[in-house]
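Notes follow once the structure below has been shown.
Number of protein chains: 2
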Amino acid sequence: MTTTFERIAADIGARIASGELAPGDRVPSTRRIVADYGVAMATATRALDALQRRGLVEARRGVGTVVVEQPGRSARDSLRSGSRTAPTVDDVVRAAMAIADEEGLPGLSMRRIATDLGLPTMSLYRHVANRDELLAAMLDRVYAAHPLPDPLPDGWRDRAEACARTFWTAFQRHPWAAHAMSITRPQVVPHGVAHTEAMLAAFDRAPASRPLDLETRMHLAVTLFLFVRGVAVNIEPALAARQDTGLSDEDWMNRAKPPLQAAADPRQYPHLARATASELDITLDSLFETGLARLLDGYEVFLTR
Amino acid sequence: MTTTFERIAADIGARIASGELAPGDRVPSTRRIVADYGVAMATATRALDALQRRGLVEARRGVGTVVVEQPGRSARDSLRSGSRTAPTVDDVVRAAMAIADEEGLPGLSMRRIATDLGLPTMSLYRHVANRDELLAAMLDRVYAAHPLPDPLPDGWRDRAEACARTFWTAFQRHPWAAHAMSITRPQVVPHGVAHTEAMLAAFDRAPASRPLDLETRMHLAVTLFLFVRGVAVNIEPALAARQDTGLSDEDWMNRAKPPLQAAADPRQYPHLARATASELDITLDSLFETGLARLLDGYEVFLTR
DNA sequence: AGGGCGCTCCGTACGGTGTACGCAACGGGC
DNA sequence: GCCCGTTGCGTACACCGTACGGAGCGCCCT
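Read top to bottom, the protein sequences are chains A and B. Residue numbers are given in the working numbering: position 166 of the first sequence equals residue 166, and the series is strictly consecutive. Position in the second sequence counted from 1, then plus 1000, gives you the working numbering.
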């Protein structure tokens, strides 16, 4: 989808590229654009803004917007994000986290955040570009609130375990975080960098008979992370379901059991039948614990073999 | 939230419970309810329907709805679901799967399915109760399309691995399935029962020095499943992002790299810096392979210890 | 001093979602 | 021929993210 302001920006950008507008020339002013394209001030502003971000033009207050000398180098960017970041981004992010912690990601909407803060909905967009950026900022706070233990333990195994446990407690406190993270498209989350580094570094200390190449170490680190997250993504749905059915897990189990037992014909499915029949103490936490222990055992076999 | 028809059903249900309406009595007809409560036919029908499902009343064509002799036993239920299931549920589910396979769960909407089938949106609700039930039906088809290998291998390890691989190929073909599954609130999915059973059964054959209790075996089975799913949930986002940015993974990596490298100060984060600097061959598939091998190694240590 | 400029602020509105409910027509039993 | 339960679809609601509109502010140059 190309939006109106993107079209206008592309238009003017082409005129700069063609040489019709030379360095030092003033590009059409916001009001000029308003008249020419039949759009609103804000839209025109946004178009010029886009050109600025690309470093093609430079805004001069009270004067106009001019084509820059050599494209690509612009001090504006940091300035802008600086002034944007200053006042209340933190309030917004904090409010969003409070909602997400309580009601999960499905309950988190821009309108809801705004209501909680007593602000108009659209005013949030002065502080965050969009929902995804907000989520990234929330993740950043999670990382910041759950730093790694400072002197990390010494051996590779203790180190890896410490990293995994840090993630786990973070996910327990903020179940939505597991969902919000993406491996395949890593967001750049400042406070998360240290965690990634520590995970990677853990396997440097491995007592391998042969040296481990970077690729192998990456595999071990990422796999461990994926496991932790894989267990953690189940926390949020459990909470959500508990909340909007008003049933505790136990109540729910009791209600869900009859059809499950009905499906589990003891003749055809003996193990399942026995499993549903007995009261088992299986929680996400106990699953995390067994999985972590087994996985690291497996790493040990691999590393010392 | 209690809907209108639920309120009416509760109302009449109370009158039956109180004895005001005795077995054999006719409860208010649909049109009576329409008049009394000021609602539409369909709403009244739905209220009576709810009472039927609970087995409190029985509908007699051309006569009316009467209170049943002994509550709880009603042949209606199977009849109804039978007639509902007959015509085109399968078409709906198949169409939904085609969309989900192609565009992921976010692209799957009731309107979209209806459009593809050339049907009015609301007509879908004759075949499935709601979106969640549709998802369960889709999952069922996935299980059905990916049965376990028929003579399962003999040893516990080969068996567990076979199960894990079956899940993995299913997830690769239908990435959305990983998201749609829930452990904490297991849906009853007919064709999935066999998979669950096989997973549990695998650890029966373990050559444990001491006998394994059911709880431990459950932990091993569920943890393995959680790992596979934990890796698989990443497939869909990767596909979705590739689709709506139009970038291949490689293109995207190239675009994402500069800011990542900028964040990875080699002095502070040497491993991360080296990782981002080199071309690594890490795919979800390779992560699955290492993880599976390591985890089962870990199981082996645990089981033979 | 005044006019033009970039810019900030927030409100309105669009295109999407799932699905509750309304309305009209159908066919069977009395 | 009446009243019954039933079917089939359309309309409308409450929600979502956010693009765009329009008014007003304060800076800068002439």
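From the three backbone atoms N, C-alpha and C, an ideal C-beta is built for every residue, glycine too.
Next on the checklist: Which residues does DSSP list as the beta-bridge partners of Trp1060 of chain B?
Outcome noted: A small fix is needed here, since residue 1060 of chain B is Arg in this sequence, not Trp. Looking at the DSSP assignment, Arg1060 of chain B forms a beta bridge with B:Gly1064.
Checklist entry - Between which two residues does the alpha helix (DSSP H) harbouring Ala1129 of chain B extend? => result Under the DSSP assignment, Ala1129 of chain B falls outside any alpha helix (DSSP H); it carries neither an H nor an E label.
Item to check | Against chain A: residues of the region 1185–1200 of chain B by CB proximity under 8 Å | outcome: Cβ contacts with chain A: Arg1185, Pro1186, Val1188, Pro1190, Val1193, Ala1194, Thr1196, Glu1197, Leu1200.
Checklist entry - So which residues of chain A does Tyr1269 of chain B contact, with C-beta pairs closer than 7 Å? => result Proximity of chain A to Tyr1269 of chain B at the Cβ level (cut-off 7 Å) is accounted for by Val193, Glu197, in chain order.
Next on the checklist: Is Tyr299 of chain A close to chain B? Criterion is C-beta to C-beta, closer than 8 Å.
Outcome noted: Yes - at least one Cβ of chain B is within 8 Å of the one on Tyr299 of chain A.
Checklist entry - At what residues does the alpha helix (DSSP H) containing Val1093 of chain B begin and finish? => result Counting along the chain, the alpha helix (DSSP H) containing Val1093 of chain B begins and ends at 1089–1103.
Next on the checklist: On the criterion of 16 or more Cβ atoms from any shown chain inside 10 Å, does Met1138 of chain B qualify as buried, or is it exposed?
Outcome noted: By the neighbour-count rule (16 or more Cβ atoms within 10 Å), Met1138 of chain B is buried.
Checklist entry - Counting only beta-carbon atoms, is Pro1237 of chain B nearer than 8 Å to chain A? => result Yes, its Cβ sits closer than 8 Å to a Cβ of chain A.
Checklist entry - So Ala1180 of chain B and Leu1135 of chain B are in contact, right, with Cβ under 8 Å, and what is the actual spacing, rounded? => result That pair is a contact at about 5 Å.
Next on the checklist: Pairs of beta-carbons, one from the region 111–120 of chain A and one from the region 85–99 of chain A, closer than 8 Å: are there three or more?
Outcome noted: Counting Cβ pairs under 8 Å, three or more are found: they touch.
Next on the checklist: Below 8 Å on C-beta distance, what does Glu215 of chain A contact in chain B?
Outcome noted: Chain B residues near Glu215 of chain A: Leu1280, Asp1281, Ile1282.
Item to check | Presumed contact (8 Å Cβ cut-off) between Glu102 of chain A and Leu292 of chain A, rounded CB distance | outcome: No, Glu102 of chain A and Leu292 of chain A are not in contact; Cβ-Cβ is about 28 Å, not under 8 Å.
Checklist entry - Counting contacts by CB-CB distance shorter than 8 Å, is His1174 of chain B in contact with chain A? => result So no, His1174 of chain B is outside the interface.
Next on the checklist: Is Ser1312 of chain B close to chain A? Criterion is C-beta to C-beta, closer than 8 Å.
Outcome noted: Summary: the structure shown does not reach residue 1312 of chain B, with chain B confined to residues 1001 through 1305, and so no result is reported for it.
Item to check | Inter-residue spacing [alpha-carbon to alpha-carbon] between Asp1204 of chain B and Asp1154 of chain B | outcome: Using only the alpha carbons, I get a separation of about 11 Å.
Item to check | Closest by C-alpha distance to Ser29 of chain A, when choosing among A:Ala44, A:Gly298, A:His127, A:Phe171 | outcome: When C-alpha distances from Ser29 of chain A are compared across A:Ala44, A:Gly298, A:His127, A:Phe171, the shortest belongs to A:Ala44.
Checklist entry - Which of the three DSSP states, helix, strand or coil, is assigned to Arg26 of chain A? => result Assignment of Arg26 of chain A by DSSP, reduced to helix, strand and coil, places it in the strand class.
Checklist entry - Can the beta-carbon of Leu1239 of chain B be found less than 8 Å from the beta-carbon of Met1199 of chain B? => result In this structure, Met1199 of chain B does not lie closer than 8 Å to Leu1239 of chain B by Cβ.
Next on the checklist: Can you find the residues in the same chain that come closer than 6 Å, C-beta to C-beta, to Leu79 of chain A, ignoring five residues on each side of it along the sequence?
Outcome noted: Per-residue confidence for Leu79 of chain A stands at a pLDDT of 33, beneath the threshold of 50, marking its modelled position as unreliable; no derived number is given.
Checklist entry - Does any CB atom of chain A fall closer than 8 Å to the CB of Val1229 of chain B? => result Just to set this straight, residue 1229 of chain B is Arg in the shown sequence, not Val. At least one chain A Cβ lies under 8 Å of Arg1229 of chain B.
Item to check | Chain-order list of residues whose beta-carbon lies under 6 Å from that of Pro23 of chain A (same chain, five-residue window excluded) | outcome: Same-chain partners within the cutoff: Val67, Glu69.
Item to check | Beta-carbon contacts of Val228 of chain A that lie in its chain and below 8 Å, excluding the five residues immediately before and after | outcome: Closer than 8 Å at Cβ, skipping near neighbours: Ala164, Phe167, Trp168, Phe171, Phe288, Leu292.
Checklist entry - Is there a Cβ from chain B that is less than 8 Å from the Cβ of Met138 of chain A? => result Met138 of chain A is outside the set of residues whose beta carbon lies under 8 Å from a beta carbon in chain B.
Checklist entry - Ordered along the chain, which non-local residues of its own chain (more than five positions away) have a Cβ less than 8 Å from that of Arg73 of chain A? => result In this prediction, Arg73 of chain A has a pLDDT of 40, which is less than 50 and means its spatial position is unreliable; nothing more can be read from the coordinates.
Checklist entry - Any idea if Tyr125 of chain A is buried or exposed, counting beta-carbon neighbours within 10 angstroms, 16 or more meaning buried? => result Label assigned to Tyr125 of chain A: exposed.
Checklist entry - Is it right to say Asn234 of chain A is buried, meaning 16 or more other beta carbons lie within 10 angstroms of its own, or is it exposed? => result Asn234 of chain A is buried by the Cβ-count criterion.
Checklist entry - Can a CB atom of chain A be found closer than 8 Å to the CB of Ser1123 of chain B? => result Chain A, which has no Cβ nearer than 8 Å to the Cβ of Ser1123 of chain B, makes this no.
Checklist entry - Do you know offhand how far Ile33 of chain A's Cα is from Val188 of chain A's? => result Ile33 of chain A and Val188 of chain A: Cα-Cα distance of roughly 35 Å.
Checklist entry - Quick one: does Arg76 of chain A have its CB under 8 Å from some CB of chain B? => result Unreliable positioning characterises Arg76 of chain A in this predicted model, as indicated by a pLDDT of 35, which lies under 50. The coordinate reading is nonetheless provided below. Residue-level contact check: Arg76 of chain A does not touch chain B, since none of the beta carbons of chain B fall below 8 Å from its beta carbon.
Checklist entry - Got a sec: is the Cβ-Cβ distance from Arg1157 of chain B to anything in chain A below 8 Å? => result No Cβ of chain A is located within less than 8 Å of the beta carbon of Arg1157 of chain B.
Next on the checklist: Can you check whether the C-beta of Met302 of chain A is within less than 8 Å of a C-beta belonging to chain B?
Outcome noted: It is Phe, not Met, that sits at residue 302 of chain A in the sequence shown. Closer than 8 Å: yes.
Next on the checklist: Strictly under 8 Å for the Cβ-Cβ distance: is Ser991 of chain B near chain A by that measure?
Outcome noted: The first residue shown for chain B is 1001 and the last is 1305, placing residue 991 of chain B beyond what the model contains.
Next on the checklist: Along the region 1283–1294 of chain B, where does the CB come closer than 8 Å to a CB of chain A? Name the residues.
Outcome noted: Cβ contacts with chain A come from Leu1284, Ser1286, Leu1287, Thr1290, Gly1291, Ala1293, Arg1294.
Item to check | Through-space distance from Val63 of chain A to Ala9 of chain A, alpha-carbon basis | outcome: Rounded to the nearest angstrom, the two C-alpha atoms are 19 Å apart.
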